[in-house]
Structures are given as structure tokens and as C-alpha cells.
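Those letters in the sequence shown? Residues 1 to 641, by full-length UniProt numbering.
The structure appears right after this line, and notes come after that.
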Amino acid sequence: MIKMNIRRSFSTKLSLWVLIMAVPVFCGSVGLLFYHSQGMIRGEAVQRANVMLDVSLQRIHRYLITIETATNSYSWLIEKSMQPDSLMAISERIVHFNPYSDGCAISIEPDVIPQYPRHFMAYSIRKDSDSITTAQEKDYNYFTEEWYATPRDRNKPAWVVYYDETNQLNLNKNGMIATYSRPLYNAQHQHIGVVSTEMSLLHISNILAEEKPYPNSYFILLDEKGRYVGHPDSTRLFNKTIFGVANLQKQKDLIVLGHEMTKGNQGEMSVTINDVPSQVCYKPVPGTSWSLAIVCPDSDILKDYYRLIFIVVTLLIVALVFIAFYCYKMMARSLSPLRQLLRKTQEIAKGDLKVEIERISRIDEMGCLQNSYVTMLESLRQYMDSVRAASDKAHKYNEELEQATLLAKEADRQKTSFIQNMTHQVRTPLNVIMGYAQILNSPSAPILPCDCVSEDEIKGLTATMEHNSKLLTRLILMLLDSSDSTFSETAISQKREAVSANTAMMEMVDYVMQLYPDLRFIGFETEVPDDLLITTNRQFLQYSLAEVLLNAVKYSDGQHIMTRITRADTTIRFIIEDTGKGIAEADRERIFKFFTKVDDFSEGLGLGLPLTRRHVENLGGKFWLDNSYHDGCRFIFEFPL
């Protein structure tokens, strides 16, 4: 698909040719520039690393000189004061006045101190910046220790790195110590002991870690045997050598670096350490046999270089895209009228006559072609509009005719259904009344009073006739109430009557109980006082309450009918609820339509609830079925106070 679009688009072809010509020129120029800049960046990184290396060497040398000076300055006092208490005091003083030292030990040869014929050592340990512990050691055989034997055998001071396996001095948890040891002599220039001031190797590593030229650069400090005296990884201190951690097959450059540093040489070289290409600068530490190196990963050195590459390549791509886009837009702009005309004529060919083709002011062949298409489209559109208007008129006439037919059928069906329902509802009470009337008017009927017909039976006949006559009267009144004239009468009725809410509800409860003598109970609860009055129309209010109560009697179990009156801040509610089968969810809106019943075989005309809603709304209230109640039906009337 893309290849086909390129072959069809002349502007795209031209843009691709421009890119093919520009890309080699740009890439060659940028590549040459970065080739030379990489060497310059590496040279600058080496210079920066050497400066930082010199600074760190000066710091370490300053610490070492400070320790050496403190030790040397107290040596003559130690040689003059060969008393245990004096030696312990001097040891503590050396540590106290030298913040760079972690401890000091004064070790004496046998028989130098009479009360300690075997050996004696006074030592002080810096626990923290404010705490120094001083003690004496009587059973520590230190004569074979490297820190004691080296200055004694060489007959001169020396820096010694050793690992205190027993952790006698408790300088740190790993026992890795760098110590400056100076031999002690008596007046006859006989060797009488060694004073040694210690510095933790971790302390040296922390000093080296304080400054670094790059985020991931670090220092390593080796002694003459290649052991790590300083390293950010504390597990390598003293325990490992640079030769031991190097792979002879893959890390020959690291071994060469180790030999250069142990020989005391200085310089710089590229080394791969832990699979990370790095630039290493190294120099010997003055006054010691140690060598300090700074390791700068290439990823840090060339970080800005790589970022610059990314920026330049991004700009290069953007520039090429801009060039191609500019060429494409220029060609597309020149050919856009023809392309638009082609697209719109294709839409016209598919039958879409709503396409708009604008007239242009160009007088060349392309302008004449487009203006001719505009004229042709206008003529075709006028003809199609006339055909469409005639078709729409005929279609609209057919739809109106079909709708009228459906309405006529529905009206006929509703008329038939209403007549049948009305006939059934009227016939039932009339038959009852006429039947009892014939019995009473029959010549063979007993003359009252008679012993064969009791007074209770006569009252029952009379009550039945009265009940059915009331039902018939109620049907006639509901029919009249549903007419338009009654609706207007309700709308303009007097609504300024002061009606007691409790009285209105209780009267309707009594009315329904009288209408249905067999009904056992209708509950009544109220939250409002008897003297609470609402402004409404008593007739229509009580009519509405009675309709809902009668429905509750007819369609519930007839045993759990409850009426309530509640009050809110600005409204009062009449609530009528019952227990029974309730109303299905699908019929809850349909029951409020005129002449609509849930069950066609049930008693009534389908007017009670619609008329109730209409009366309540005309009185300024609201009437609804509570959908949250599921044990039967709960209807709520709400009127403003």
C-alpha cells in the first residue's frame, strides 16, 4: 500500500530524492566532527582526572604527614618516660590531639620496664569523636607482628598495612589497619620498642570517596604487594589483591595496571574493570610504598558526548524531515486543486451530490476545468433536487396515511376494550342490586317482620345492595372525573382550605372501614400534631387518599395495610403501604396512564391512580410509587407546608 502511494504521488517522489541526496552529506560531516571531538573529550577527562588525583594525593599525604608528625613529636618523650602510667597518658594524648588517627599503641621490648619483664603495650582507641579508651596489654605477643617487626628490622619508621585477625585494637569490625610505626631507642641507641599510630583502611576509603570528578568514578589505593588499601568495596580491603581479582585471559590490561602501580610508576591507561571500560590515572603516594589510582568509567566521561550525539542526530533527523516536508508541501500546494478536483469527482461518481466544488480565479487549463465541473454539478444538483422533493412528498404522504391507519386501529381497539370493561364493571353491581330487589318484591316473599327471615339477614341484604350501589356510583363519578370539563374544574377549584392532616387521613380510614365491614385493621401512625393544618382542597385530597386505600384493600392481603404521616422541613407526606404481590417493575409507569390496568380481568376501569396523580399535581403536590419498597406497594403523597 505504501509503495503504491509513493508511485502515485509525485510530491512524495521528489521528497525522497531530496533525502537521498542530503543524508550522506549530513551524516559524513557530523561523523567527522564527532570523531575528532571524542579524542578531545577523552583528553580533557584525563586532565580532569589527574587534577582530582593530585588533590586526593595531597589530602592523603596531609593526613599521613599529620600522623607521622604527631608520632615523631612524641617519640623523644616516650624514650625519656619509660613508666607504664606515662606511656598510657602519651598514647591517649597522641590520639586526642590527632583527629585523623583511630588509635595508638606503644609496645616495649622485654626487661625494659622492670615490673613487666616479658612485654608491655599501652594503647588508646578512638571510639567516636568524643570518646577515647586507653588500656594496657600484658599478654599480647606483638614481636612477630608486621607492624612491629618491620620498623625494628629496617631500623627506620615505616607505613605498614596489616590485618588484625584477633582484632586486639578493635579499630573496626574488619580489623583492617594502616599504621605508621616508629622504632624507639634508649640513650645507648638500643632498640627498646615501637610506637605505632593507626588509621583504619575504611577511614582511608571514606576520605577517597568524598570527592570524585564523575558520578560513578572512584579511587583505589594499592600497597607494594598489590593489596587494596583503599576501595569503595570494603570487602576487598587487604583481603584481595588487584592480581587476584583479575582474569588472566580477559583482563590483561588490569594486570598491567597492577604492575605499574606496585612499581611506583605514574601515568594513565584505558582499562576494563568489572566489564566497564574506564580511563585510569595513577600516581605513587609520597612517603609510602602505596599507589593511588582514579577510575573514571567511559560512560561518565562520554555522557555529555553521547547526549550531544543524540541531540545532533535528532536535529539532523528533524532537519531532513523538515526539508522533505517542505518540498512535499510545495509540490502538494501546486497540485492541490487538481487533487481536490479528482477526489470530489470520485465522490460524485459514487452518488454523493452534496460535494462542494468552489469556483477559482485561475484562468489556466486547471481553472477552466474546475469551473466547468462546478457548472455541471449545479445543473445535476437542481435536477436531483426536484426528483428528491417529489419522492419525499410521496413518502411523507404514505407515512402520514400509515400513522393515521395505526391510530384508527388503536382507537377502535381501545373503544372496544373500554366498552367491554365498562359493561362488565356496571353489570356486576346492577345484577346484585336487581337480584335482591326481585327477592324482596316477589309475591312469595315473606312479609316483614317474619320469623323465617331474621333481622341480621335483612341488614346483610341491605348492606350488600348499598355496597354495590356505592361501587356503581363510584364508577360513574370516575368517568365524569376523567372528562376534560372535570379536569378544568379541578384546576380552578378552591385550594385555600385549611385542612388538618391527621383528620383528613383518619376520616378516609374510617370511610374505607365502613365500606368494607369485614376488613379487620388499617394501621395509622403520625409524626405531626393534630392541629397541623395544610392549605389545600379537602374534597380532592380525601378523594385521592380514598382511591389509594381502596386499591390497597382490593389488591393486597387485606391484613397489613398501614397509613403514615411524616414531616420534613418544608413538606408533609401521606404514606399508604400494604403487603401483597405488589406491582411488577415493567408495569410501574404504565399504571399511571388512563384506562390502563395491570390485569384486564381485575375490578375497575384503570382510572383510579391516573386521576389521583392528576388531582395531587393540581393541588401543588407530588404522587409516586416507592420503588424501594418490595413487600407490596407503597404510595407517597407529598404536599408543601
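Yeah, the Cβ is synthetic: ideal placement off N, Cα and C, and Gly gets one too.
Every value quoted in this text rests on a predicted model; they were computed, and no experiment measured them.
{"Query": "Here's the rule I'm using: 16 or more other beta-carbon atoms within 10 Å means buried, otherwise exposed. How should N551 be labelled?", "Result": "buried"}
{"Query": "Out of curiosity, what's the CA-to-CA distance linking H119 and I106?", "Result": "11 angstroms"}
{"Query": "So what does R567 bridge to, in DSSP terms?", "Result": "I572"}
{"Query": "Is H395 buried or exposed, if buried means 16 or more other CB atoms sit within 10 Å of its CB?", "Result": "exposed"}
{"Query": "Can you find the residues in the same chain that come closer than 7 angstroms, C-beta to C-beta, to V23, ignoring five residues on each side of it along the sequence?", "Result": "L320"}
{"Query": "With burial defined as no fewer than 16 other Cβ atoms inside 10 Å of the residue's Cβ, what is the status of D484: buried or exposed?", "Result": "Note on D484: pLDDT 49, under 50, position unreliable in the model; the coordinate value appears next. Looking at its Cβ environment, which holds fewer than 16 other Cβ atoms inside 10 Å, D484 is exposed."}
{"Query": "Run through DSSP, which three-state label would W290 get?", "Result": "coil"}
{"Query": "Per DSSP, what are the beta-bridge partners of A158 in this structure?", "Result": "S181"}
{"Query": "Using C-beta distances below 8 angstroms, list every residue in its chain close to I20, excluding the 5 sequence neighbours before and after it, in chain order.", "Result": "none"}
{"Query": "Would you mind stating whether T612 and S556 have Cβ atoms separated by less than 7 angstroms?", "Result": "no"}
{"Query": "Taking A89 as the reference, which of E109, Y123, G367 has the closest Cα?", "Result": "Y123"}
{"Query": "For the alpha helix (DSSP H) that contains residue 653, what are its first and last residues?", "Result": "Because the chain in this structure spans residues 1 to 641, residue 653 falls outside the shown range and cannot be described."}
{"Query": "Residues in its own chain within less than 8 angstroms of F322 by CB, not counting five upstream and five downstream?", "Result": "none"}
{"Query": "Considering only C-alpha positions, which residue in the set D54, W290, F97 is nearest to A74?", "Result": "In the sequence on display, residue 74 carries Tyr and not Ala. Closest option to Y74, Cα to Cα, is F97."}
{"Query": "Assess contact between the stretch 126-136 and the stretch 207-219, defined as three or more Cβ pairs (one per stretch) separated by less than 8 angstroms. Is contact present?", "Result": "no"}
{"Query": "Can you give the Cα-Cα distance for Y328 and S278, rounded to whole angstroms?", "Result": "47 angstroms"}
{"Query": "Hey, would you say I534 sits closer than 7 angstroms to V509, going by beta carbons?", "Result": "no"}
{"Query": "Determine the direct distance from the alpha carbon of E198 to that of T71, and round the result to whole angstroms.", "Result": "10 angstroms"}
{"Query": "Between residue 645 and the rest of its own chain, which residues show a CB-CB distance below 7 angstroms, the 5 nearest in sequence each way excluded?", "Result": "Lying before the first or after the last residue shown, residue 645 is absent from the chain, which here runs from 1 to 641."}
{"Query": "Using a Cβ-Cβ cutoff of less than 6 angstroms, which residues in the same chain neighbour I348 once the five nearest sequence positions on both sides are dropped?", "Result": "V355"}
{"Query": "Grab me the residues of V374's own chain with a C-beta within less than 6 angstroms of its C-beta, minus the 5 sequence neighbours each way, in chain order.", "Result": "I357, R359"}
{"Query": "Please report the straight-line C-alpha distance between H615 and T405, rounded to a whole angstrom.", "Result": "34 angstroms"}
{"Query": "If you draw a straight line from the alpha carbon of L448 to that of Y516, how long is it in whole angstroms?", "Result": "Residue confidence is low: L448 scores 48 on pLDDT, short of 50, so the model does not pin down where it sits. Its coordinate-derived value is still stated next. If I take the Cα positions, the gap works out to 27 angstroms."}
{"Query": "Taking just the CA atoms, how far does A586 sit from F574?", "Result": "25 angstroms"}
{"Query": "Which residues in the same chain as Y148 place their Cβ atom closer than 8 angstroms to its Cβ, once the five residues preceding and following it in sequence are excluded?", "Result": "S107, Y142, S181, V194, S196"}
{"Query": "Tell me which residue opens and which closes the alpha helix (DSSP H) that H615 is part of.", "Result": "608-618"}
{"Query": "When the distance is taken between beta carbons, is S86 closer than 7 angstroms to C104?", "Result": "no"}
{"Query": "In this structure, what does DSSP give as the bridge partners for K622?", "Result": "E638"}
{"Query": "Which of the three DSSP states, helix, strand or coil, is assigned to T134?", "Result": "strand"}
{"Query": "What does the Cβ neighbour count give for R307, buried or exposed, with the cut at 16 atoms within 10 Å?", "Result": "exposed"}
{"Query": "Do you know how far the Cα of K350 is from the Cα of A389?", "Result": "21 angstroms"}
{"Query": "In terms of residues, what are the limits of the alpha helix (DSSP H) holding V553?", "Result": "538-555"}
{"Query": "So, with DSSP's three-state summary, where would you put G244?", "Result": "helix"}
{"Query": "Compute the Euclidean distance between the alpha carbons of R154 and I78, then round it to the nearest angstrom.", "Result": "20 angstroms"}
{"Query": "Take Q266 and list the residues in its own chain whose beta-carbon comes closer than 7 angstroms to its own, dropping the five residues that flank it on each side.", "Result": "Y282, K283, P284"}
{"Query": "Suppose contacts are defined by Cβ-Cβ distances below 7 angstroms. Is M505 in contact with T563 by that definition?", "Result": "yes"}
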